[in-house]
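Reading through the structure tokens given below for one structure.
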Amino acid sequence: MFNYENAYNLVMKSYLFNKPNVNEKTKMYLAEARKNVSNKLHWPGKGSGITLGPGYDMKERSSENILNDLLDIGISSDIAQKVSNAVVKKEAEINSFMIENKDVISLTEEQEKLLLEKIIPDYENRVNKTIKINLNQHEYDALVSFVYNIGSIKSDSNLAKYINEGKKKEAMDVLEQYNKSGDKVLDGLKKRREKEREIFEKGIYATKIY
2 MFNYENAYNL
12 VMKSYLFNKP
22 NVNEKTKMYL
32 AEARKNVSNK
42 LHWPGKGSGI
52 TLGPGYDMKE
62 RSSENILNDL
72 LDIGISSDIA
82 QKVSNAVVKK
92 EAEINSFMIE
102 NKDVISLTEE
112 QEKLLLEKII
122 PDYENRVNKT
132 IKINLNQHEY
142 DALVSFVYNI
152 GSIKSDSNLA
162 KYINEGKKKE
172 AMDVLEQYNK
182 SGDKVLDGLK
192 KRREKEREIF
202 EKGIYATKIY
């Protein structure tokens, strides 16, 4: 199981900054404003839906699922009902919903952690399906953090191949190559990969990603 307490800051402090479809100016703004961003409804950019907390993307969720999840973390029924309508997918609809509902909800840090716990199991499953060897807790946490950011580890990738063969240094060399948007190396992604490697190899958890 993913170590939530050790990894929470890594996920929280890097999620928005590293979305590859957000332009550089917006990334810098989000990096500076993150303390007042992830606790409210926000839109990371194209490819994502309206999001709440550290990565609770509502694009592919049902209104019923959103409603139940928010009620579970202590959101009042009237606010949860409003937020459950954030399943819109078209950019114009997203912009309209955000204008009308941007300040409808504000999560506490504890509620953000509870919401994170609803997100992470999906990424744990993605790691578990691909990685076939036993890992130390910190190695596992590093890979879950990586998949949370990238989306998956493909079973035929060099990263999966090296890990499953026990070639962990080679695997981390490959992991650090996932630092680009298009052909451009992004400083935020580069630093995140370095932190994930440090977690994987040394068990040193970041209190700050930058």
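Numbering of the sequence shown is given in the numbering used here, commencing with residue 2 and proceeding in unit increments. For glycine and all other residues, C-beta sits at the position ideal for the given N, C-alpha and C.
Residue i and residue j closer than 8 Å at C-beta
i: T131; j: S156; result: yes
i: I205; j: D142; result: no
i: E195; j: E177; result: yes
i: I51; j: I95; result: yes
i: V88; j: S49; result: no
i: I134; j: I164; result: yes
i: I121; j: V145; result: yes
Own chain residues within Cβ distance below 8 Å of residue i, not counting five before or after
i: E25; result: Low per-residue confidence applies at E25: pLDDT is 31, beneath 50, and the placement is therefore not dependable, though the value from the model is reported in the following sentence. Cβ neighbours of E25 beyond the five flanking positions: none.
i: A34; result: Unreliable placement is indicated for A34, whose pLDDT of 33 sits below 50; the coordinate value is still reported in the next sentence. Cβ neighbours of A34 beyond the five flanking positions: none.
Sequence-distant residues of its chain with Cβ nearer than 7 Å to residue i (five each side left out)
i: V148; result: Y124, R127, V128 and I154
i: K191; result: N180
i: G1; result: In this structure the chain extends from 2 to 211, so residue 1 is not present and cannot be described.
i: M173; result: R198, F201 and E202
i: L72; result: S78 and A81
Pairwise C-alpha distance: residue j and residue i
i: K203; j: H139; result: 8 Å
i: Q82; j: H43; result: 17 Å
i: D70; j: N40; result: 15 Å
i: Y57; j: K169; result: 31 Å
i: A93; j: N137; result: 45 Å
i: M2; j: T109; result: 24 Å
i: D184; j: D79; result: 45 Å
i: L53; j: E61; result: 13 Å
Spatial neighbours of residue i in its chain, beta-carbon cut-off 6 Å, leaving aside the 5 residues before and after
i: L117; result: P55
i: I67; result: M59 and S85
i: N159; result: V175
i: E186; result: Note that residue 186 corresponds to Val in the displayed sequence, not to Glu. Here the set comprises N180.
Where the alpha helix (DSSP H) through residue i begins and ends
i: M99; result: E92 to N102
i: D188; result: D188 to K203
i: P45; result: First-last for P45: undefined, no H or E at that position.
i: M173; result: K169 to L176
i: I120; result: E110 to T131
i: K155; result: No alpha helix (DSSP H) contains K155, which DSSP labels as neither H nor E.
i: Y179; result: First-last for Y179: undefined, no H or E at that position.
Within-8 Å CB hit, residue i to chain D
i: Q178; result: Absence of chain D from the displayed structure is noted, only one protein chain being present.
- request: Could you tell me which uninterrupted beta strand (DSSP E) segments, each at least 3 residues in length, are contained entirely in the region 51-87, listed from first to last along the chain?
  value: Counting whole runs of 3 or more residues, the region 51-87 contains no beta strand (DSSP E) stretch at all.
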